[in-house]
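**Student:** Just so you know, we're using our numbering here: the sequence shown kicks off at 4 and counts up by one. Quick one: this structure, given as structure tokens, is what I'll be asking you about.
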Amino acid sequence: MPAVTQSLLAGKSVSVVLDLGLCKPGSSNAEPTKTRGGLRIDAFRVTEDGTLAFADDHFSVSREGKPINQFLRYRVHPDGNAEFSMTIFSVPDYRQIDKTLTYQCGIGKGLSFFAGS
């Protein structure tokens, strides 16, 4: 079980930093990018096979100046491999805009975790 999962199950505060420049595009429409970002993990789920899953969504503004909702999904497997995906929805009707972008990452390979006390 990865240390990040152990920390979350112990009730510790955990942050994740994503560097897509270290990840590989996982879908044909996902292009290499140097985008980086992070968040503090709030809700999470650990499935029977040990996969850690968590997500985040937030409102933003598209390049065209229209309101959007970005949904970010993370899945970290017991072997340290991970998937990141981003789906964008229009607001207020929540229609999906374009296809979901996916990237293949890993702990120390695009995903870094930091646990507090």
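From the three backbone atoms N, C-alpha and C, an ideal C-beta is built for every residue, glycine too.
Pairs of beta-carbons, one from the stretch 13–21 and one from the stretch 105–120, closer than 8 Å: are there three or more?
**Tutor:** yes
**Student:** Considering only C-alpha positions, which residue in the set I91, V79, T90, Q107 is nearest to G53?
**Tutor:** V79
**Student:** Find the nearest neighbour of P28 within the set Y97, G111, F87, I100, judged by alpha-carbon distance.
**Tutor:** F87
**Student:** Can you give me the Cβ contacts of R76 inside the same chain, cut-off strictly under 6 Å, excluding the 5 residues immediately before and after it?
**Tutor:** The residues are A58, S88.
**Student:** Output the boundary residues of the alpha helix (DSSP H) element that contains T8.
**Tutor:** 6–12 is the extent of the alpha helix (DSSP H) around T8.
**Student:** P95: which of V64, C108, G111 sits nearest, CA to CA?
**Tutor:** V64
**Student:** With DSSP run on the structure shown, which of helix, strand or coil describes G24?
**Tutor:** DSSP, read as helix, strand or coil, puts G24 in helix.
**Student:** With a threshold of 8 Å on Cβ separation, who are the neighbours of D60 within its own chain once the five nearest residues in sequence on each side are excluded?
**Tutor:** N72, Q73, F74, L75
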